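Note sheet for the following structure.
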Amino acid sequence: MEGGSKQEMQEKKDWGRRFHDGLASLKLTVVILLALAVSSVLGTLLPQGLSDHQLEAAFPRIYWAIDLFSLGDLYHSGWFRFMMGLLCVNLVVCTLKRIPRTLKLLRHREENLSPERLEKFGLHARFETSRSWEDVKPVVEEVVRRHFAPLKSAGAQGRGGVAEKGRWSPWMVYTVHFSVLVVFAGALAGSIWGFNGSMRIHEGDASNVVGIFREQRMVELPFRVRCDDFTVSFYEGKAMPSDFRSDLTLLRGDEVLLQRTIRVNDPLTYEGYTFYQSSYGSNLREAVLEFKDLESGRTETVTLPFQEPRPLPGTDYQVQLVRYEESFSDFGRALGVVIFKEGEEPQGSWILADRPDFHGNRLGDRSVKVASLEETEYTGLQVKKDPGVWIVYLGFVALIVGVGLASYSSHRKVWVGAAGRSPSAEIVLAGRANKNPLSFEREFNALRERLEEELKAEK
Amino acid sequence: MSSSLLLSVTTFAYLACTVVYLAGVIFHRERLLAWGGRIAAGTLGIQTVALLLRWYESYEMGHGHAPLSNLYESLVFGAWAVMVVYLPLEWRTKHRSLGVFPAFISFLCMAYASFSPDVASHIQPLLPALKSNWLIAHVITCFLGYAAFAVAFGISVFYLLKRAHAGNPHPKGVFALMPDLRELDELNYQMILFGFLWLSVGIITGSVWANSAWGNYWSWDPKETWSLITWLVYAALLHARAMKGWRGKRVAWLSLAGFACVIFTYLGVNFLLSGLHSYATK
Chain D
320 MEGGSKQEMQ EKKDWGRRFH DGLASLKLTV VILLALAVSS VLGTLLPQGL
370 SDHQLEAAFP RIYWAIDLFS LGDLYHSGWF RFMMGLLCVN LVVCTLKRIP
420 RTLKLLRHRE ENLSPERLEK FGLHARFETS RSWEDVKPVV EEVVRRHFAP
470 LKSAGAQGRG GVAEKGRWSP WMVYTVHFSV LVVFAGALAG SIWGFNGSMR
520 IHEGDASNVV GIFREQRMVE LPFRVRCDDF TVSFYEGKAM PSDFRSDLTL
570 LRGDEVLLQR TIRVNDPLTY EGYTFYQSSY GSNLREAVLE FKDLESGRTE
620 TVTLPFQEPR PLPGTDYQVQ LVRYEESFSD FGRALGVVIF KEGEEPQGSW
670 ILADRPDFHG NRLGDRSVKV ASLEETEYTG LQVKKDPGVW IVYLGFVALI
720 VGVGLASYSS HRKVWVGAAG RSPSAEIVLA GRANKNPLSF EREFNALRER
770 LEEELKAEK
Chain H
6 MSSSLLLSVT TFAYLACTVV YLAGVIFHRE RLLAWGGRIA AGTLGIQTVA
56 LLLRWYESYE MGHGHAPLSN LYESLVFGAW AVMVVYLPLE WRTKHRSLGV
106 FPAFISFLCM AYASFSPDVA SHIQPLLPAL KSNWLIAHVI TCFLGYAAFA
156 VAFGISVFYL LKRAHAGNPH PKGVFALMPD LRELDELNYQ MILFGFLWLS
206 VGIITGSVWA NSAWGNYWSW DPKETWSLIT WLVYAALLHA RAMKGWRGKR
256 VAWLSLAGFA CVIFTYLGVN FLLSGLHSYA TK
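Here it is, written out as structure tokens:
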């Protein structure tokens with residue numbers, strides 16, 4: 320009984336260890352990186368951010384798979400986030416596993432290597448000199464110091480030494496890994512405490528409501544944003560805009576907090592909220608409509624602000640402009656007008672503004688004519704609050720520094736050992752680098768040549 | 006003297022350069038390879054003058070922007086970047102046979118830019134979104150990355166060819182002037198490290214730029230995503246190299262896959278997918 324449970328414990332331990340080793344393995348890293356790459360490809364082939372309805376219409380056959388794996392919003396889906404999370408876990412576990420090894424490797428200076436051992440190095444050279452080690456030691460030390468790094472005395476009875484460069488280099492890989500975690504942490508902070516939405520403000524209007532399309536919710540700003548003026552200029556004779564800008568005023572109550580102009584590439588930041596110029600367009604402000612009663616022949620003229628109901632004089636009906644199209648399938652501008660009163664089904668119709676004689680310009684038993692239209696330009700702003708962005712940037716800097724230093728630095732060691740007895744000595748030079756063997760070979764060969772020359776000159 | 010004339014000369018000079026390098030490798034003539042290197046350096050000089058001239062011409066026309074703003078200019082810059090990354094490698098290692106692919110890739114870029122009817126070569130004004138100093142930093146860093154990957158691609162092809170014919174080492178054969186397999190693998194790795202560094206900087210500058218212009222440092226736009234895919238593939242390669250049995254052949258294949266991603270990021274995305282970088286198709 321007892322033996323069995325012990326065995327079970329042992330098995331459990333094995334499983335635990337295997338699981339831990341698996342999480343720390345390089346293989347897992349490569350698999351996750353490639354899996355993330357392949358799934359990202361999928362996300363670029365399939366249009367993202369469409370509604371379920373649009374997706375079903377566009378891909379009727381594979382819609383079930385799109386729905387099942389949330390491929391329509393792949394980069395925000397649970398399984399994609401799970402892979403990113405797994406990558407982070409892999410990074411952390413792998414780092415924790417390797418740090419002790421790196422420490423051990425750095426601490427283990429291999430100071431007492433005999434000349435015989437040094438001659439087994441891939442990179443080594445042997446010099447003969449007619450003088451004793453004690454005599455040539457200052458020369459060797461000087462050459463190694465000048466062309467490599469200070470030589471620390473080591474070896475049996477100090478008959479040799481070790482010089483090291485780039486002891487910090489093995490840490491750079493950890494910097495890269497850490498920077499990836501920092502970027503993820505910043506992104507997470509941004510998604511928890513920040514938002515990214517948009518607002519449309521007509522010239523002269525003010526608003527404090529930001530719509531967040533993706534999450535279908537609204538955010539209220541602690542101040543209002545007024546668009547005083549919007550201008551767009553075009554390249555001469557071209558439809559391509561050269562510049563567009565909005566003059567904005569930020570208001571709290573009636574108090575003006577700030578006035579500034581924003582344009583593309585030149586946003587405005589206030590109290591952690593940033594406003595970007597992202598788009599523009601025009602919309603209906605108000606229209607003057609003539610309603611003619613076909614029975615009595617009486618005509619009523621009503622001024623209708625966009626989307627606000629107004630009473631139709633002489634009746635108990637209300638009329639409202641609900642939609643506006645700048646080009647209604649080749650018929651020009653069209654207004655969606657609705658007429659309603661309590662206890663009756665509302666009636667609606669499209670009224671063509673540019674075709675006043677169109678027979679369909681009717682609403683119930685009234686014909687409708689657009690006497691005048693007033694359009695207004697609106698500015699499209701992107702509004703963002705992201706407290707995590709500085710963390711992300713910190714990660715970016717660490718990533719660049721880390722990748723650069725991890726690629727172009729290495730931990731290089733050079734050993735010197737003396738064999739033979741006085742009055743003559745044989746000197747063995749050996750070297751090893753943890754990375755970039757070719758460039759270290761060049762560095763080592765240069766050092767060897769210098770040493771050879773100096774030892775000859777000393778003779 | 007106009008920049009477009011100089012760029013035409015550049016196109017044909019890269020072709021000549023490719024032919025000379027290739028002849029040097031096939032006929033096993035070290036001297037031809039040396040000439041390949043000289044022509045390459047000369048062509049790079051002419052192209053540098055042409056690029057500066059085009060920049061100056063854009064100021065003359067009143068647009069005043071660096072020649073990095075559309076597909077034509079980026080192709081020309083790409084050809085330039087490949088040579089800028091490759092030539093120091095040749096000078097450092099003295100392995101001139103490696104020049105075949107970089108010269109050919111530079112020629113292809115120039116030829117596509119000059120002869121394709123889809124590519125407009127005249128100097129155009131800048132879109133408002135591109136009016137930023139980030140443009141120069143972003144494009145230059147990305148292209149240094151792409152160029153290094155292009156050179157690594159050539160080295161990987163050499164590696165795979167040489168390895169496939171390792172059975173009959175003919176002293177005067179096509180593969181004789183190529184570096185040995187260990188060195189090819191090492192040079193491939195060095196180029197990929199260089200490319201990975203610059204691609205990282207390129208993605209990051211793009212990201213910071215996007216944040217300062219549009220308020221999003223990452224929006225999963227197809228171009229962004231494909232640059233990340235490329236980054237992931239090369240990141241996988243760098244890790245795979247540390248795994249047993251992956252160094253050499255498999256890493257060379259991954260390098261080819263990575264370069265396919267580079268091409269798709271650069272060209273495929275513009276033509277096949279739509280997104281923020283739509284101005285790069287014209």
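Going down the list, the sequences are from chains D and H.
Here this note's numbering runs 319 ahead of the position in the first sequence, where the first position is 1.
Here this note's numbering runs 5 ahead of the position in the second sequence, where the first position is 1.
Beta carbons: idealized from backbone N, C-alpha and C, even for Gly.
These numbers were taken from a predicted model, which means no experiment stands behind them.
Taking the Cβ atoms as the reference, V459/D lies roughly 11 Å from L766/D, outside the contact range of under 8 Å.
Bridge pairing for I658/D: V638/D and Q666/D [DSSP].
By the C-beta density criterion, Q596/D is buried, having at least 16 other C-beta atoms within 10 angstroms. Assigned with DSSP and collapsed to three states, K332/D falls in helix. At least one C-beta of chain D is nearer than 8 Å to the C-beta of E191/H.
Annotated three-state conformation of V583/D is coil, per DSSP. Interface with chain D (8 Å Cβ-Cβ cutoff): P184/H is excluded. Following the DSSP letters along the chain, one finds V455/D inside the alpha helix (DSSP H) bounded by residues W452 to H466. In the same chain as F677/D, and ignoring 5 residues on each side of it, the C-beta atoms closer than 7 Å to its own belong to L671, in chain order. Listed in chain order, the beta strand (DSSP E) runs fully inside the stretch 330-404 of chain D amount to none, counting runs of at least 3 residues.
When the beta-carbon positions are compared, L259/H and T235/H stay at least 8 Å from each other. Under DSSP, W512/D takes part in no beta bridge, so it has no partner. Going by C-alpha positions, T270/H is about 32 Å away from G600/D.
In this structure, A55/H sits away from L92/H, with a CB-CB distance that is not shorter than 8 Å. Where Y26/H is concerned, the enclosing alpha helix (DSSP H) starts and stops at S8 to I31. For the stretch 560-571 of chain D, the beta-carbon criterion of a distance under 7 Å to any beta-carbon of chain H is satisfied by P560, S561, D562 and F563. Here DSSP, grouped into helix, strand and coil, assigns L700/D to strand. Shown here for K416/D: same chain residues with a beta carbon closer than 7 Å to its own, the five before and five after excluded, namely A343 in chain order. By the neighbour-count criterion, in which a residue is buried when 16 or more other Cβ atoms sit within 10 angstroms of its Cβ, D705/D is buried.
Only L237, V238, A240, A241, H244, A245, A247 and M248 from the stretch 237-252 of chain H bring a Cβ to less than 7 Å from some Cβ of chain D.
Looking at the backbone, the Cα of P675/D and that of V621/D are separated by about 16 Å. Shown here for E78/H: same chain residues with a beta carbon closer than 7 Å to its own, the five before and five after excluded, namely P72 in chain order. Residue ranges of uninterrupted beta strand (DSSP E) with 3 or more members are absent from the stretch 190-231 of chain H; none lies entirely inside it. For F647/D, the CB contacts under 6 Å within the same chain, skipping 5 residues up- and downstream, are A653 in chain order. Within chain D, the residues N584 have their CB atoms less than 7 Å from the CB of K136/H, given in chain order.
Among the residues facing chain D, N221/H is included, as its CB has a counterpart in that chain under 8 Å away. Interface flag for P489/D against chain H is unset, since no Cβ pair is found closer than 8 Å. The contact set of Y394/D on chain H, defined by CB atoms closer than 7 Å, consists of W225 in chain order.
For Q596/D, the uninterrupted beta strand (DSSP E) run begins and ends at Y592 to D612, by DSSP. Of all residues in the stretch 207-221 of chain H, only I209, S212, V213, N216, S217, A218, W219, G220 and N221 place a beta-carbon less than 8 Å from a beta-carbon of chain D. Per the C-alpha coordinates, the member of G651/D, F610/D, T414/D and L424/D positioned closest to A690/D is F610/D. The Cβ-Cβ distance between Q701/D and G220/H falls below 8 Å. Here the alpha carbon of D566/D sits roughly 41 Å from the alpha carbon of L361/D. Annotation: A86/H to L425/D spans about 39 Å, alpha carbon to alpha carbon.
Here P107/H is not bridged, per DSSP, to any residue.
By the C-beta density criterion, I381/D is exposed, having fewer than 16 other C-beta atoms within 10 angstroms.
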